[in-house]
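Numbering-wise, the sequence shown is residues 30 to 572 according to the numbering used here. Data first, discussion second: the structure below is written as structure tokens.
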Amino acid sequence: MPVTRCSSESNPYSVPLPSRRLRLVLIGLALACFTVPTARTAQVGDVVFATDFDGEDALTEWSAGAKLGPGRAGGRALFVERSKENTGSVFIRHSLPVSDVKGCILNLEGWIRAEEVSSPPRGWNGIKYMAPVTSEGGMSHPQAQIGSGSFNWKQVRYAVRVPPDATKWELFMGLEAVNGRVWFDDLRITVRKLPFSAKTPVVTGPMYRGHDLPRLRGAMVSPNVSPESLETFATDWNANVIRWQLTNWKPKGDSFDLAGYDRWLKRELTKLDAALPLCEKHRMYVVVDLHSKPGGGPDSGKSLFTSPECQDKFVANWQMMARRYKDSPAIWGYDLANEPNEKAVSLDVLDWQGLAERAARAIREIDQEHAIIVEPTEGGGPNGFVALNPIDVSNVVYSVHVYIPHTFTHQGVRDQWPTPHTYPGTIGGQEWTKDRIEQALKPVLEFQKTFNAHIYVGEFSAIRWAPDSSAYRYLRDCIDIFESHDWDWTYHAFREWTGWSVEHTSDRGNREPATTPTKRQTLMRKWLRKNKKPTWKTPTQDK
């Protein structure tokens, strides 16, 4: 791999460089630099791009209009301003090396300060630290989540997966559809993970499923679900599984309190403990879903993928839960982490592949029987299976969440998805049908076939107010696909938020349950009637 050297000694045509300078390591041509051919390939930790904007030539590689302002540590920073009178967006661009990082996952970091940045009209607008990638498969727009208003220097991190067929990669810094002032300093891009290399599949014996039933079908429930609702779901609806959320740990600001997290988790587990006898009585399996992972507030810099303390706590808590539930017949499996989203992973901690395996091994030291359920990165979605390897632990089930396309399933849930969409139909410029959903799920099916892995759809849904019975048709097609591939599934959700409720009509303003079953409820109950119940000794039989 060619490595760009910036050195006046080795290049007689170079000019002296300041002590803090723009550095392009790995690839490319830089001002006063030359390329030295080497056989070296990219390594984890390699710096692809870095700048502190302090050199005399700091803006040479940036697009026209780039300006400098006061920096974070007495130096200079990239400065972008957009007045209220300016009707357009303001972007400053810089091309990035792509040929030697194809297939890699890269960490992007930077420091940002803002003054009086207005609220963005849509979720994707606002302060931009974005690294769009163009490939043969299209264009993606990964970007940092930064916020608005006024704030002092803060560090932001996110991750970019460069597709193997990438042809172009750039940095976009600026203000989109908002006004205000923003400064960027100490930008840095490092290699976090090398191109994915799938393990050689070894298929021996029957597929592990964690149960001996034809299918598990049920729904997610709130930890505050009433005993009456649980009994109704198990008996009247004939569900044979629920996914129990350990959720709503929401620290704010820069707070970081792992002892507080432990106290919260203990309270949540007492709710699960109270529900388990009822689930045992009515023969309904339970998935323990760690919905809220250990971590601090959004400004703490402490999360599952930046803090060794958080990863240690994650593993220790799963050991604790394994001890607590290893003898419970109603527990089907341990869902290690809901929708893991790595963003940027610090180099001193494990990525999700490594952390999931570490936690699974810790559980297996205590509980060798219950299923361990692993969701992929990228929010548990189908694309996360592209770069997932089976973890080297026994009795594992792999889980996917199906909200595709997201702009349809979540229309009207938040301001960034305001447009009504009908299914089937054109959504986001593509025609979405049952066949298109099947195509989007192809990475999951390929993983299942390649590694003889059982698939569990932990979540799927469509907002009830989608136009013209669209939610019903979407759910019908999804379930048909799941059933055709022998996937277990839990709908999101039973008697949680009314927006997802199949017991409520498509009238968004009506928050009361329908007086007659909706088409969505009839569909769900039709499938649940097919369920067989697990067998175990009930508390009554044990007496």
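Even glycine gets a Cβ: it sits at the ideal position worked out from N, Cα and C. These numbers come from a predicted model, not from an experiment.
Sequence-distant residues of the same chain with beta carbon closer than 8 Å to residue i, five excluded per side
{"i": "G441", "result": "P447, P449, I492, W494, R537"}
{"i": "I402", "result": "V316, G362, Y363, D364, L365, V425, V426, Y427, S428, Y485, G487"}
{"i": "N539", "result": "H533"}
{"i": "V270", "result": "L245, R246, G247, M313, Y314, V315, V316, W361, D517, T519"}
{"i": "E525", "result": "M249, V250, S251, V254"}
{"i": "L97", "result": "F82, A87, L88, R105, A106, L107, F108"}
6 Å CB neighbourhood of residue i in its chain, flanking five on each side removed
{"i": "V119", "result": "V109, R111, G203, L204"}
{"i": "L470", "result": "P411"}
{"i": "T479", "result": "P230"}
{"i": "W9", "result": "Residue numbering for the chain in the displayed model covers 30 to 572; residue 9 lies beyond these limits and cannot be assessed."}
{"i": "W182", "result": "R101, W140, R142"}
{"i": "R210", "result": "E110, E144"}
{"i": "L417", "result": "P405"}
{"i": "D396", "result": "A351, K355"}
Cα-Cα separation between residue i and residue j, rounded to whole angstroms
{"i": "A59", "j": "E90", "result": "Note that A59 has pLDDT 34, beneath the 50 cutoff, so the model's placement of it is unreliable and no number is given."}
{"i": "V77", "j": "P161", "result": "16 Å"}
{"i": "P405", "j": "L125", "result": "28 Å"}
{"i": "M553", "j": "R142", "result": "50 Å"}
{"i": "D444", "j": "D506", "result": "27 Å"}
{"i": "D421", "j": "A400", "result": "14 Å"}
{"i": "T547", "j": "H521", "result": "16 Å"}
{"i": "Y432", "j": "K355", "result": "32 Å"}
{"i": "L242", "j": "D517", "result": "10 Å"}
{"i": "L259", "j": "W266", "result": "10 Å"}
{"i": "E386", "j": "E394", "result": "12 Å"}
{"i": "C62", "j": "A345", "result": "The predicted model places C62 with a pLDDT of 32, which falls under 50 and marks its position as unreliable, so this point remains unresolved."}
{"i": "W565", "j": "P358", "result": "7 Å"}
{"i": "L287", "j": "T545", "result": "47 Å"}
{"i": "N253", "j": "P542", "result": "18 Å"}
{"i": "S284", "j": "A500", "result": "39 Å"}
{"i": "N136", "j": "V374", "result": "7 Å"}
{"i": "W347", "j": "D328", "result": "26 Å"}
{"i": "S148", "j": "G155", "result": "7 Å"}
{"i": "P18", "j": "G289", "result": "Any question about residue 18 goes unanswered here, given that the chain covers just 30 to 572."}
{"i": "P306", "j": "V191", "result": "48 Å"}
{"i": "T509", "j": "G454", "result": "As written in the sequence, residue 509 is Asp, which differs from the Thr given in the question. Whole-angstrom Cα-Cα distance: 18 Å."}
{"i": "W381", "j": "Y158", "result": "24 Å"}
Short Cβ contact (9 Å threshold) for residue i with residue j
{"i": "K281", "j": "G326", "result": "yes"}
{"i": "S177", "j": "V146", "result": "yes"}
{"i": "F262", "j": "A248", "result": "yes"}
{"i": "W153", "j": "Q172", "result": "yes"}
{"i": "N309", "j": "L275", "result": "According to the sequence provided, residue 309 is Glu. The question's Asn does not apply to it. It is not a contact, given that the beta carbons lie outside the stated cut-off."}
{"i": "R246", "j": "L557", "result": "yes"}
{"i": "A95", "j": "V220", "result": "no"}
{"i": "L301", "j": "F343", "result": "no"}
{"i": "W293", "j": "S321", "result": "yes"}
Supposed contact pair residue j and residue i - C-beta distance, whole angstroms, cut 8 Å
{"i": "A388", "j": "L365", "result": "6 Å"}
{"i": "A26", "j": "M313", "result": "As shown, the chain starts at 30 and ends at 572. That puts residue 26 outside it, with no answer to give."}
{"i": "W278", "j": "V317", "result": "Rounded, the Cβ-Cβ distance is 15 Å, inconsistent with contact."}
{"i": "G100", "j": "D214", "result": "5 Å"}
{"i": "A206", "j": "P150", "result": "6 Å"}
{"i": "R186", "j": "K331", "result": "Not a contact, Cβ separation roughly 12 Å."}
{"i": "G74", "j": "L376", "result": "6 Å"}
Own chain partners of residue i with C-beta closer than 7 Å, once the 5 adjacent residues on each side are dropped
{"i": "L200", "result": "R122, H123, L125, A160"}
{"i": "P434", "result": "I456, G457, W461"}
{"i": "E368", "result": "E404, G408, G409, H430"}
{"i": "P563", "result": "H240, L242, N269, R312, Y314"}
{"i": "P568", "result": "Here the model assigns P568 a pLDDT of 45, short of 50, so the residue's position is not dependable, and the following value carries that caveat. Only P306, E309, K310 meet the Cβ criterion."}
Handout entry: Uninterrupted beta strand (DSSP E) stretches inside the stretch 159-217 (no shorter than 3 residues)
Key = Qualifying beta strand (DSSP E) stretches, in chain order: 162-164, 167-169, 178-190, 195-205.
Exercise for the section: Entirely within the stretch 297-365 and at least 4 residues each: give me those alpha helix (DSSP H) ranges in chain order. Expected result: Runs of the alpha helix (DSSP H) lying entirely within the stretch 297-365 and spanning at least 4 residues, in chain order: 337-354.
Handout entry: Length-filtered (4 minimum) alpha helix (DSSP H) runs lying within the stretch 72-141
Key = For the stretch 72-141, not a single whole alpha helix (DSSP H) run of length 4 or above is found.
Practice task
Tell me the start and end of each unbroken alpha helix (DSSP H) in the stretch 241-277 that is at least 4 residues and wholly inside, in chain order.
Solution key: Entirely contained in the stretch 241-277, the alpha helix (DSSP H) runs reaching 4 residues are, in chain order, 256-264.
Practice task
Give, in chain order, every unbroken run of the alpha helix (DSSP H) that is at least 4 residues long and sits entirely within the stretch 492-560.
Solution key: Runs found: 499-513, 548-557.
Problem - alpha helix (DSSP H) segments (min. 4 residues) lying fully within the stretch 455-495 - result: Runs of the alpha helix (DSSP H) lying entirely within the stretch 455-495, each at least 4 residues long, are 463-469, 471-480 in chain order.
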